[in-house]
Every structure is written in structure tokens, then in C-alpha cells.
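Trainee: In our numbering, the protein residues as written are 72 to 509.
Every residue, glycine too, gets a C-beta built ideally from N, C-alpha and C.
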Amino acid sequence: MSIGYLQRKAAWEILLKVSYGDFSDHALEKVLRNYQFTPLDIAFITELSFGCIRYRKFLDLWMDHTSKITHKKQPPRLRWLLHIGLYQLLKMDKVPFPAAISTTVEVAKKTDLNGLAGTVNAILRNASKKLEKEIFPEISPDRKERISYLESLPLWLVNDLYKWVGNSKGENIVKAFNKKPSIDLRINQLKTDLYEFLEILHENKIDAEIIKDLNNGITLKSNPRSIKNLPGYSNGLWTIQDRSSQWVAPLLNPKEGEKILDACAAPGSKTTHLAELANDSAEIIAVDRSEKRLKILQSNLERLDLKSVNTLKADARRLIELNPKFISHFDKILLDAPCSGIGTLSRNPDSRWSLSKEKIKSLTLLQEKLLESIFPLLKKNGTLVYSTCTICPYENNILIERFIEKNKALKLVSQKQILPSLDYPGDGFYSAIITYKS
Ligand SMILES: C[S@@+](CC[C@H](N)C(=O)[O-])C[C@H]1O[C@@H](n2cnc3c(N)ncnc32)[C@H](O)[C@@H]1O
Numbered sequence: 072m073s074i075g076y077l078q079r080k081a082a083w084e085i086l087l088k089v090s091y092g093d094f095s096d097h098a099l100e101k102v103l104r105n106y107q108f109t110p111l112d113i114a115f116i117t118e119l120s121f122g123c124i125r126y127r128k129f130l131d132l133w134m135d136h137t138s139k140i141t142h143k144k145q146p147p148r149l150r151w152l153l154h155i156g157l158y159q160l161l162k163m164d165k166v167p168f169p170a171a172i173s174t175t176v177e178v179a180k181k182t183d184l185n186g187l188a189g190t191v192n193a194i195l196r197n198a199s200k201k202l203e204k205e206i207f208p209e210i211s212p213d214r215k216e217r218i219s220y221l222e223s224l225p226l227w228l229v230n231d232l233y234k235w236v237g238n239s240k241g242e243n244i245v246k247a248f249n250k251k252p253s254i255d256l257r258i259n260q261l262k263t264d265l266y267e268f269l270e271i272l273h274e275n276k277i278d279a280e281i282i283k284d285l286n287n288g289i290t291l292k293s294n295p296r297s298i299k300n301l302p303g304y305s306n307g308l309w310t311i312q313d314r315s316s317q318w319v320a321p322l323l324n325p326k327e328g329e330k331i332l333d334a335c336a337a338p339g340s341k342t343t344h345l346a347e348l349a350n351d352s353a354e355i356i357a358v359d360r361s362e363k364r365l366k367i368l369q370s371n372l373e374r375l376d377l378k379s380v381n382t383l384k385a386d387a388r389r390l391i392e393l394n395p396k397f398i399s400h401f402d403k404i405l406l407d408a409p410c411s412g413i414g415t416l417s418r419n420p421d422s423r424w425s426l427s428k429e430k431i432k433s434l435t436l437l438q439e440k441l442l443e444s445i446f447p448l449l450k451k452n453g454t455l456v457y458s459t460c461t462i463c464p465y466e467n468n469i470l471i472e473r474f475i476e477k478n479k480a481l482k483l484v485s486q487k488q489i490l491p492s493l494d495y496p497g498d499g500f501y502s503a504i505i506t507y508k509s
């Protein structure tokens, strides 16, 4: 067995799982359970497999450039293995071509693709020769089509992004979708503070630093083997939460004694943040329609030792039917709506391939319905924060401005759109603060 063979095999198995419908991070976790890899191996496998998933369109372009059979006609298991080989040749500077080719061929030889090992070898050798001679695939000169291939994003999404934010910002965002996402933590201010926790991390030789402009944010400077094995996780010192998402709960300025509804709460990053900010002394109801996700929320509450939250499995559109006493009951409401997640594409390598315009359309209908059903639960003078992790205006400012226009009793206090960018390590996020006029 040659060095590096098992890592390529594991990466290929992750691609197979994702092609059967698993999310990338779940697939990675499941596959790694079957091996004993070092942290360096895991970093390599993550980079290789997630890179292949992100760059699927670009790798297919190269497959069509180097093989007689187009990617559409390749048997899927072979197509994913060729992606493993091609990605190393095209995107991983530190892997020498012969090692990339021989280890990938070895995977074919030792699996059901044995009969196709010669084909894998021929295509990868052809690709390496073309790369050395700088014979690149032909791509349309159209700016958007080019970037759609080179950065591997569906063309409809590139077109929409450019329409939403203009060409230059659009290009920056498309590139930012392929950057390595940051790993940010939010410390539990009821149990520790930034400096104390940073010291704990440093004592454990974990490189981390405080995130500027946030009260409780810390970012890790390198990937840990397992995030949940970091010090302080089991005794509730921190929660994993992207820096942009950490902006949301403070917008509600939650206070002791207030009645607060978190309408789409699971797995609870923001519910737990609200509870911590209110000194665990508000009355918080965390609603979600997914039982499975509510269980994760519940276990987070236990881990963080928070007592001020009650969970409720329900469709947030039907809360009034469920309990008419909820009308005008809450001082503050958070609606962190289900959304297309376009702001988090760098974190979720497979999402770009499952998104569609139709999906976004149906999400906007759900978001509108959620807003309409929830705002009667707000007390006069109460505050509603609406947030999403997308940058699609139809799910964000256009939706909110229309909603305010229709409901004259409401006032839009402010809204903020964070765009993904090569210069900003966090996700894209939207938030709006709305008050109920008395
Ligand atoms: C963006 S996620 C919420 C993330 C969460 N606020 C956090 O910070 O961890 C959206 C959530 O809305 C839930 N959801 C979707 N439709 C819903 C509905 N009609 N009623 C209640 N929850 C819903 C989903 O199950 C999902 O957990």
C-alpha cells in the first residue's frame, strides 16, 4: 500500500456519500470513523474532498477536456474518483503529479473500479501533460460564464448575484464561496470571559484570537481534530457560532424578566445567546418544527447549563391556534428564518448544487407567512428581529420592506446586510430590527 492511498480512498468515499444525499460534514464525520488518521491526514482529506465537491463544475470541465467520454456519461463512481485525481493536479500545489496519479489509480485497483484503473491512469496522465503544456479547456469569453466554470458555481446563481450586488462585488462573493471558512466560537459569558478562555486555549496549545467588534467571539487559527474535544465544550464554556451570526441576538437587547420568543430556534445558537445575554433570567420560548433539531437544542441548553428556555415543537405559523394567549404576549421576538443559506456557501460545500430558483421562491413564501403569523404575538412597543444567512434580497430587504409597507403598525428601525467577501472571514448574513408602534 503506498503512502497516501488511504487518504484518497477516504476522500472518494466522502464524495460517494455526498452523491447519495449526505451533507458534506456528515459524510466526512461518518467516513473518518472507519479510519485512524492523524490531524494532518484529516486536514488533507477535508481539503481534498470538500474541494472536489465545491469545484465539481470545474473538474467536469477538465474531465471533458481530457477524456473521450464526457462527464455526463461517466459512471458516477468513476467520475468522483477522477475528481479526486484531477483536483490534486489542478488545485493542490503541494501534491506532486506522480503521487496524485499513482494513489488515485491505486484506489481504482483496490476497489470495484479495478477494471477501470487503466482509464483512470490514462485520463490523469493526459490531464497532467495538458497542464504542463498549458493546454487549457476552452471556455466562453462571457465574463459570467467564465467565472461560473472557473469558480464552479451554477450559472443562474452567478447571474443573480451580479444582478443583486453588481459585477465587482459579485465576483468577490463568488470567489469568497471557495475560501476556507473561519471557525468561530462564542464564549458563554455566564461561565467565563474572553481572556480567561483564550488563556485556557493557549495553555492547551490551541492557536486562537479574539474577534474584533464582538463581545464574546473567538476565532481558531487552525483546524482542530475534533471541535467538540476542545477544552470547555462539555462544561459549557462556549458554543460554535460564526461571527456574523453572533451579531443577531444582541440586536434584541434581551433583558432579565422579558418574555422572548425564538420562533425558528433549533439547533439553538441564537436561543442560547439570548439566554446568556439576559443572564439566564428571561422567559424564553424556543419553537421549532423539527423534533430532531429541537433535541440538539435541548442538549445544548443542558451543556451550557441554561434554565430560562422552554422548548416547543410546533409550526411557528400556527402558534396562535395552538395557544391564543400568545397574542400580544412577547416583549421580543427573533425570527431566524429558514432560508437559502447563500451566505454560508463556503461552509457548506454541497449546498450550491442543491439550490434552485424554485427553492428560493418557495422559501420566500414561507418567510412571508412566518412573519405574518408571528408579528401579532408581539406586544405594543415590542421588538422583532428578522434574520437570515442569505444574501438574496427577495428573502431579505425586499421581503421586509414589502412586509412593513403592508403592516402600518410596524416600523423598520434598521437593517444590515453582511456580504461574504475575500476580505471578511465570516458568513453572509441579513438582519432587520422592527418595532411595533404603540
Ligand atoms: C436558520 S435555521 C435556525 C437556526 C437557529 N436559529 C440557530 O441560530 O441555531 C431555521 C430553522 O427553522 C425551522 N423551521 C422551518 N420552518 C419552520 C416552521 N414553519 N415553524 C417552525 N420552525 C421552522 C427549521 O427546522 C430550522 O431549524
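According to DSSP, is residue 418 part of a helix, a strand, or is it coil?
Mentor: Position 347 of the sequence shown, counting from 1, holds the residue named residue 418. Residue state, collapsed to three classes: coil.
Trainee: Checking the sheet assignment: what are the DSSP bridge partners for residue 502?
Mentor: The count along the sequence shown starts at 1 and reaches residue 502 at position 431. In the DSSP output, where bridge partners are listed per residue, residue 502 has 458, 487.
Trainee: To which residues of the same chain is residue 198 closer than 7 angstroms at the C-beta, ignoring the five residues directly before and after it?
Mentor: As a position in the sequence shown, residue 198 is number 127, starting the count at 1. Once the five neighbours on either side are set aside, the close Cβ partners of residue 198 are 133, 137, 157, 160.
Trainee: For the alpha helix (DSSP H) that contains residue 576, what are its first and last residues?
Mentor: No answer is possible for residue 576: it lies beyond the span of the chain, which begins at 72 and ends at 509.
Trainee: Roughly how many whole angstroms lie between the Cα atoms of residue 73 and residue 190?
Mentor: The residue labelled residue 73 in the question sits at position 2 within the sequence shown. The residue labelled residue 190 in the question sits at position 119 within the sequence shown. Approximately 20 angstroms between the Cα atoms of the pair.
Trainee: With a threshold of 6 angstroms (Cβ to nearest heavy atom), would residue 335 be considered close to ligand 1?
Mentor: Taking the sequence shown and counting its residues from 1, one reaches residue 335 at position 264. Yes, since a heavy atom of ligand 1 falls inside the 6 angstroms radius drawn around the Cβ of residue 335.
Trainee: Could you check whether the Cβ of residue 502 sits closer than 6 angstroms to any heavy atom belonging to ligand 1?
Mentor: By one-based count along the sequence shown, residue 502 stands at place 431. No, ligand 1 has no heavy atom inside 6 angstroms of this Cβ.
Trainee: Given a cut-off of 7 angstroms on the beta-carbon distance, is the pair residue 155 and residue 81 in contact?
Mentor: Taking the first residue of the sequence shown as 1, we reach residue 155 at position 84. Taking the first residue of the sequence shown as 1, we reach residue 81 at position 10. Going by C-beta atoms, residue 155 is not nearer than 7 angstroms to residue 81.
Trainee: Excluding the 5 residues flanking residue 347 on each side, which residues of the same chain have their C-beta closer than 6 angstroms to its C-beta?
Mentor: Locating residue 347 in the sequence shown gives position 276, where the first residue counts as 1. These residues qualify, in order along the chain: 259, 260, 261.
Trainee: Could you give the uninterrupted runs of the beta strand (DSSP E) lying entirely in the segment 257-342, keeping only those of 3 residues or more?
Mentor: Correct list: 279-281, 288-291, 309-311, 330-333.
Trainee: Rounded to the nearest angstrom, how far is the Cβ of residue 341 from that of residue 333, given a contact under 8 angstroms?
Mentor: Indexing the sequence shown from 1 puts residue 341 at position 270. Indexing the sequence shown from 1 puts residue 333 at position 262. Going by Cβ atoms, the distance from residue 341 to residue 333 rounds to 6 angstroms, so yes, they are a contact pair.
Trainee: Verify the contact flag: residue 338, CB atom, against every heavy atom of ligand 1, threshold strictly below 6 angstroms.
Mentor: Translated into positions along the sequence shown, residue 338 becomes position 267. Indeed, a heavy atom of ligand 1 lies less than 6 angstroms from the Cβ.
Trainee: Am I right that residue 365 and residue 317 are in contact with their C-beta atoms under 8 angstroms? What's the rounded C-beta distance?
Mentor: The residue you call residue 365 lines up with position 294 of the sequence shown. The residue you call residue 317 lines up with position 246 of the sequence shown. With a Cβ gap of about 22 angstroms, residue 365 and residue 317 do not count as contacting.
Trainee: Are the CB atoms of residue 319 and residue 458 within a distance shorter than 7 angstroms?
Mentor: The residue labelled residue 458 in the question sits at position 387 within the sequence shown. The residue labelled residue 319 in the question sits at position 248 within the sequence shown. A contact, by the Cβ cut-off of 7 angstroms.
Trainee: Mapping DSSP to helix, strand and coil, what is residue 492?
Mentor: For the purposes of this step, residue 492 is taken as the residue at position 421 of the sequence shown. Residue state, collapsed to three classes: strand.
Trainee: Measuring CB to CB, does residue 462 end up less than 7 angstroms from residue 413?
Mentor: Indexing the sequence shown from 1 puts residue 462 at position 391. Indexing the sequence shown from 1 puts residue 413 at position 342. Result yes, Cβ atoms of residue 462 and residue 413 sit closer than 7 angstroms.
Trainee: Could you check what DSSP says for residue 75 in three-state terms: helix, strand or coil?
Mentor: Stepping through the sequence shown from its first residue, residue 75 is reached at position 4. Three-state result, residue 75: coil.
Trainee: Should residue 151 go down as buried or exposed, given a rule of 16 or more other Cβ atoms within 10 Å for buried?
Mentor: Taking the sequence shown and counting its residues from 1, one reaches residue 151 at position 80. With 16 or more other Cβ atoms within 10 Å, it is buried.
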